[in-house]
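>
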Amino acid sequence: MTNTDSGKILSSFMWDEWLTATCKDRTEALGEIRGILQGMRITERTGKELLLSSSRLWLFRRLIKLWGEADLGSIHEFPPLLSIPRSLKGKVFLRFPDKLLFLHENRMDDMSRFERKRPDWLRGLWGSCGALYIPKSGYYLSFRVPSRETELTAAAMLKKSGFSFGRRHIQGKHEITLRNQEEIVTFLIRIGLVKTSLRMEEKAIVRSMRNRANMLVNCDSSNIRKSLDAATRQLDLARAAVSAPGFESLPDVLKNLVMSRITNPSVTLEELGKLQSPPISKSTVQYRWKKLEHVMGSAAESGERN
0 MTNTDSGKIL SSFMWDEWLT ATCKDRTEAL GEIRGILQGM RITERTGKEL LLSSSRLWLF
60 RRLIKLWGEA DLGSIHEFPP LLSIPRSLKG KVFLRFPDKL LFLHENRMDD MSRFERKRPD
120 WLRGLWGSCG ALYIPKSGYY LSFRVPSRET ELTAAAMLKK SGFSFGRRHI QGKHEITLRN
180 QEEIVTFLIR IGLVKTSLRM EEKAIVRSMR NRANMLVNCD SSNIRKSLDA ATRQLDLARA
240 AVSAPGFESL PDVLKNLVMS RITNPSVTLE ELGKLQSPPI SKSTVQYRWK KLEHVMGSAA
300 ESGERN
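With numbering that gives the first Met the number 0, letter number 306 in the sequence shown gets 305, and the count goes up by one each step, no holes.
1. Would you mind working out which of 145, 149, 99, 289 sits nearest residue 170, comparing C-alpha positions?
2. Under the three-state reduction of DSSP, which class applies to residue 261: helix, strand or coil?
3. When you compare the CB positions of residue 27 and residue 195, do they come within less than 8 Å of one another, or not?
4. Give a yes or no on whether the C-beta atoms belonging to residue 122 and residue 183 are separated by under 8 Å.
5. What number of angstroms, rounded off, separates the C-alpha of residue 165 from the C-alpha of residue 173?
6. Report the residue from 117, 126, 78 whose alpha carbon sits nearest the alpha carbon of residue 53.
7. Rounded to whole angstroms, what's the CA-CA distance from residue 261 to residue 214? Just pull it up for me.
8. Return the chain-ordered ranges of every beta strand (DSSP E) run that is complete within the region 50–110 and spans a minimum of 3 residues.
9. Please report the straight-line C-alpha distance between residue 273 and residue 256, rounded to a whole angstrom.
10. Among 48, 229, 19, 63, whose alpha-carbon lies nearest the alpha-carbon of residue 100?
11. Would you grab the beta carbon distance between residue 282 and residue 271 for me? Rounded to a whole angstrom, and I think it's under 8 Å.
12. So, helix, strand or coil for residue 113, using DSSP?
13. Give me the DSSP bridge partner(s) of residue 166.
14. Compute the beta-carbon to beta-carbon distance between residue 315 and residue 141, rounded to the nearest angstrom, for a pair I have assumed lies under 8 Å.
15. Nearest by alpha-carbon distance to residue 124: which of 89, 36, 295, 23 is it?
16. What residue range does the beta strand (DSSP E) around residue 142 cover?
17. Please classify residue 133 as buried or exposed, where buried requires at least 16 other C-beta atoms within 10 Å of its C-beta.
18. Considering only DSSP beta bridges, list what residue 129 is partnered with.
19. Could you name the residues of the same chain whose beta carbon sits closer than 7 Å to that of residue 186, not counting the 5 residues immediately before and after it, in chain order?
20. What's the gap between the Cα of residue 180 and the Cα of residue 239?
21. Could you give the C-beta distance for residue 117 and residue 30, rounded to a whole number, given that I count them as a contact under 8 Å?
22. Under the three-state reduction of DSSP, which class applies to residue 41: helix, strand or coil?
23. Using CA coordinates, which residue listed in 75, 73, 264 is at the minimum distance from residue 227?
24. Under 8 Å, do residue 32 and residue 102 count as touching if we go by C-beta distance?
25. How would you label residue 211, buried or exposed, when you count the other beta carbons within 10 angstroms and need 16 or more for buried?
26. State yes or no: is the C-beta of residue 10 within less than 8 Å of the C-beta of residue 192?
27. Which value, in whole angstroms, describes the spacing of the CA atoms of residue 295 and residue 245?
28. Closer than 7 Å: is that where the CB of residue 162 sits relative to any heavy atom of the ligand FAD?
29. Of all the options 247, 234, 59, 147, which has the alpha carbon lying nearest to the alpha carbon of residue 19?
30. Straight-line CA distance for residue 235 to residue 229?
31. To the nearest whole angstrom, what separates the beta carbons of residue 253 and residue 224, a pair I think is in contact under 8 Å?
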């Protein structure tokens, strides 16, 4: 399974969990509704009406559920507020009359300390304009908020809860981004997406193990290549030494090393050391090859002068 495929599976699982999340009471349902609405784009604003829109069709399934839990049907039924394209594609519109505009108002100076710590508003806002991204390395969770006021509210709530995040203005929207994996998991748990957070941690563990395995394989491959290259150079040197006129006058330890390499062309330096009598260490093998190279180099220079 590719990283993209697993990312899509996690995203699908995440939105399913968001859609089915439960609210403890009417107050929590109202808070989430306000978060959803403030994350939606304002298409039109008149004196007594507000037109909101979103292409996230699952938002409206969630809103229908929350509308009942918040007992807002006594003020205005939800279906008449909707304007759905005949093709069932593209944006869906919500037209709010004057008596429902209180749901879209949420200034920081109107929020009590208790309300600022409640996760329901953030859960609604994130569902409306948030996303979790899983590139080849790392993770990041972001909100693209349509208004400066809502962005300030969200930033203040996140800061109050101890999250670190980045902020920027992009494509006419205000973006807030969390990049720390541990904080992303904490945020998902805070807004009630516990199963998604567990799936994400599981994916992170698998990814870490896979990266570690790839690193070890690459390291082993590199070491094998280096060993083979060294063995090839030593084999060439050993054959040259045997063919040289002064081979018999070499010290026995060097002659034994040369013959061991010729008869064992692919063993490692450590294995070559164990074949000596008595066995020697890898560093000693390296020292003796350097000594042989020096001797052969000196012999070659002497031959050229003669």
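Each residue gets a CB set at the ideal place from its N, CA and C atoms; glycine is no exception.
Reading it off the structure:
1. If you number the sequence shown from 1, residue 170 lands on position 171. Among 145, 149, 99, 289, the Cα nearest to that of residue 170 is on 145.
2. By 1-based counting over the sequence shown, the position of residue 261 is 262. Correct three-state label for residue 261: helix.
3. Along the sequence shown, one-based indexing puts residue 27 at 28. Along the sequence shown, one-based indexing puts residue 195 at 196. No; because the gap between Cβ atoms is not below 8 Å, this pair is not in contact.
4. For the purposes of this step, residue 122 is identified with residue 123 of the sequence shown, where counting begins at 1. For the purposes of this step, residue 183 is identified with residue 184 of the sequence shown, where counting begins at 1. No; because the gap between Cβ atoms is not below 8 Å, this pair is not in contact.
5. Numbered from its first residue, the sequence shown carries residue 165 at position 166. Numbered from its first residue, the sequence shown carries residue 173 at position 174. Rounded to the nearest angstrom, the two C-alpha atoms are 11 Å apart.
6. By 1-based counting over the sequence shown, the position of residue 53 is 54. For residue 53, the nearest C-alpha among the options comes from 126.
7. As a working mapping, residue 261 is identified with position 262 in the sequence shown. As a working mapping, residue 214 is identified with position 215 in the sequence shown. So the alpha carbons of these two residues sit roughly 33 Å apart.
8. Annotation note: the region 50–110 contains the following uninterrupted beta strand (DSSP E) runs of length 3 or greater, listed N- to C-terminal: 91–96.
9. Stepping through the sequence shown from its first residue, residue 273 is reached at position 274. Stepping through the sequence shown from its first residue, residue 256 is reached at position 257. So the alpha carbons of these two residues sit roughly 11 Å apart.
10. In the sequence shown, the residue the question calls residue 100 occupies position 101. Ranked by how close their Cα comes to the Cα of residue 100, the residues 48, 229, 19, 63 have 48 in first place.
11. Within the sequence shown, the letter at position 283 stands for residue 282. Within the sequence shown, the letter at position 272 stands for residue 271. About 12 Å; that fails the 8 Å criterion.
12. Counting from one through the sequence shown, the residue named residue 113 turns up at place 114. Below a pLDDT of 50, predicted positions are generally treated as unreliable, and residue 113, at 40, falls in that range; the measurement from the model is reported next regardless. In the structure shown, residue 113 sits in a helix (DSSP, three-state: H, G or I).
13. Locating residue 166 in the sequence shown gives position 167, counting from the first residue. Per DSSP, 175.
14. No answer is possible for residue 315: it lies beyond the span of the chain, which begins at 0 and ends at 305.
15. Numbered from its first residue, the sequence shown carries residue 124 at position 125. Considering only alpha carbons, the answer is 36.
16. Residue 142 sits at position 143 when you count from the first residue of the sequence shown. Where residue 142 is concerned, the enclosing beta strand (DSSP E) stretches over 139–144.
17. Position 134 of the sequence shown, counted from the start, is the residue given in the question as residue 133. Buried, because 16 or more other Cβ atoms sit within 10 Å of the Cβ of residue 133.
18. Position 130 of the sequence shown, counting from 1, holds the residue named residue 129. Residue 129 is bridged to 142.
19. Walking along the sequence shown from the start, residue 186 turns up at place 187. Counting only Cβ-Cβ distances below 7 Å, and skipping sequence neighbours, we find 140, 162, 177.
20. Here residue 180 corresponds to residue number 181 of the sequence shown, with the count starting at 1. Here residue 239 corresponds to residue number 240 of the sequence shown, with the count starting at 1. Answer to the nearest angstrom: the Cα atoms are 58 Å apart.
21. For the purposes of this step, residue 117 is taken as residue 118 along the sequence shown, with counting starting at 1. For the purposes of this step, residue 30 is taken as residue 31 along the sequence shown, with counting starting at 1. Between residue 30 and residue 117 the Cβ distance is about 6 Å, and since that is below 8 Å, they are a contact.
22. Here the question's residue 41 lines up with position 42 in the sequence shown. Residue 41: strand per DSSP, three-state reduction.
23. Taking the first residue of the sequence shown as 1, we reach residue 227 at position 228. Checking every option, the nearest Cα to that of residue 227 belongs to 264.
24. In the sequence shown, the residue the question calls residue 32 occupies position 33. In the sequence shown, the residue the question calls residue 102 occupies position 103. A contact, by the Cβ cut-off of 8 Å.
25. One-based indexing of the sequence shown puts residue 211 at position 212. So residue 211 counts as exposed.
26. Translated into positions along the sequence shown, residue 10 becomes position 11. Translated into positions along the sequence shown, residue 192 becomes position 193. For residue 10 and residue 192, no; Cβs fall outside 8 Å.
27. For this step, residue 295 is matched to residue 296 along the sequence shown. For this step, residue 245 is matched to residue 246 along the sequence shown. The alpha-carbon atoms of residue 295 and residue 245 are separated by roughly 9 Å.
28. The ligand FAD is absent from the structure shown, which contains no ligand whatsoever.
29. By one-based count along the sequence shown, residue 19 stands at place 20. Of the candidates 247, 234, 59, 147, the one whose C-alpha sits nearest the C-alpha of residue 19 is 59.
30. The residue you call residue 235 lines up with position 236 of the sequence shown. The residue you call residue 229 lines up with position 230 of the sequence shown. Their Cα atoms are separated by approximately 10 Å.
31. Stepping through the sequence shown from its first residue, residue 253 is reached at position 254. Stepping through the sequence shown from its first residue, residue 224 is reached at position 225. Not quite, the Cβ-Cβ distance comes to about 27 Å (not below 8 Å), so this is no contact.
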